[in-house]
Every structure is written in structure tokens, then in C-alpha cells.
Amino acid sequence: MGGVPAFDRKKSLVKENVLLIGDAGRLVDSLSGAGISNALLSGKIAGEVTSQFIKEGGSSFSTLKRYEDRLLKEKGSELRFYSYSRAIFLKLTDEDMDAAVCFLKDYFDDRIVTGIEPIALIKTILKSNRRLLRLLKHLVW
Ligand SMILES: Cc1cc2nc3c(=O)[nH]c(=O)nc-3n(C[C@H](O)[C@H](O)[C@H](O)COP(=O)(O)OP(=O)(O)OC[C@H]3O[C@@H](n4cnc5c(N)ncnc54)[C@H](O)[C@@H]3O)c2cc1C
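Taken in order, the sequence shown gives residues 6 to 146; the numbers are from the working numbering.
Structure representation (C-alpha cells):
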């Protein structure tokens, strides 16, 4: 076991010549705690931007901001979605959890599951129950 950081869209990923990648940048799916693929992706983008920065003479730190722009363009909405989903998850009562689990039984019963698209599944669970539906307002951003 161990702790993982949760994504916080208010925190900056670049300050002067410091670029935060992976867990250091809190680039983690806040709901499941998965962060390996984002750590790899952010490292790749940070490397490319830094290389470009050096080729351009390495004088203007503002060009390093491209790292944050590129990363959040690709992953920002997904990271925010999981962050809001976590906020909703933390508000769930035992009854809500029971309702979600009952829904999952109906949803997956007799189906051969070859893959799960988490964002679509979370939206479907929330829409499956009136109280859960009310929590959807937290997903508007
Ligand atoms: C129990 C657990 C289970 C997880 N399961 C999953 C999973 O199933 N799927 C998934 O996608 N993610 C999972 N994660 C999250 C995932 O491990 C992290 O998001 C990912 O490893 C982050 O990679 P990173 O390179 O940013 O950081 P890290 O992997 O933490 O690497 C940072 C490295 O820097 C080193 N370091 C720290 N300080 C210094 C220093 N001063 N000088 C030199 N080196 C230093 C550390 O020793 C470490 O090796 C899990 C995390 C935990 C704790």
C-alpha cells in the first residue's frame, strides 16, 4: 500500500525552469490512483519541450510553459473528470453505493465484457439513480 497524489487543476506544472511530471505534478487519475501512463506521457512531453527550449537558446523560461499547455490539452479534461468523480464518490452514502452496485449487476449480467470505458461507465451509473443523478451537477465544469 501507499499514498498517491490527487490531481489539482489549480496547481501549476511549470515554474521558471522547473517542470513537474508524473506524481510530482499530481498527474494521477484521482478516482483509481492510476498514474503510470500519465507519468510516462508527461515525461515525454517535458523532454520534448525542454529539448526545444535548449535548441532555442534556453533564455526564455516562458517557452517551457508549452509543456503544461500540451499536456493539459491532451489530458486535462480526463484528469478533471476523474477529480470531480472522486469528489462525488466521497459524497456517496452506503445506500448510493448499494444502488450503484445493483446497477452494475444489471448492466453487466449476461454480457461478455471485453473492455470498460471508465468515463462512459461513471456517467451511466450516475444517470441510473435519481439521487446519483443529482450528484451529476458536480461534473459540470
Ligand atoms: C500501492 C500503489 C499502487 C499503484 N498501482 C497503480 C496501478 O495499478 N496503475 C497505475 O497506473 N498506477 C499505479 N500507482 C501509481 C503509480 O505508481 C504512480 O503514479 C507512478 O509510479 C508515478 O511515477 P513517477 O515517475 O511520477 O514517480 P515515482 O514512480 O514515485 O518515481 C519517483 C522516483 O524518484 C525517486 N526520488 C525521490 N526523491 C528523490 C531524490 N531526492 N533524489 C533522487 N531520486 C529521488 C524515488 O525513489 C522514485 O524512484 C500505484 C501507486 C501505489 C502507491
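By construction, the Cβ of each residue, glycine as well, lies at the ideal position given by its N, Cα and C atoms.
- Separation of glycine 81 and lysine 15 (C-alpha to C-alpha, rounded to the nearest whole angstrom) is 12 Å.
- Taking 7 Å as the cut-off, one finds no heavy atom of ligand 1 near enough to the beta carbon of glycine 52.
- In this structure, the beta-carbon distance from serine 47 to leucine 76 falls below 8 Å.
- The closest heavy atom of ligand 1 lies less than 7 Å from the beta carbon of alanine 29.
- Around the CB of phenylalanine 58, 16 or more other CB atoms lie within 10 Å, so the residue is classed as buried.
- Under the DSSP definition of a beta bridge, lysine 20 partners with Val23.
- Under the Cβ criterion (8 Å, minimum of three pairs), the stretch 28 to 37 does not count as touching the stretch 56 to 71.
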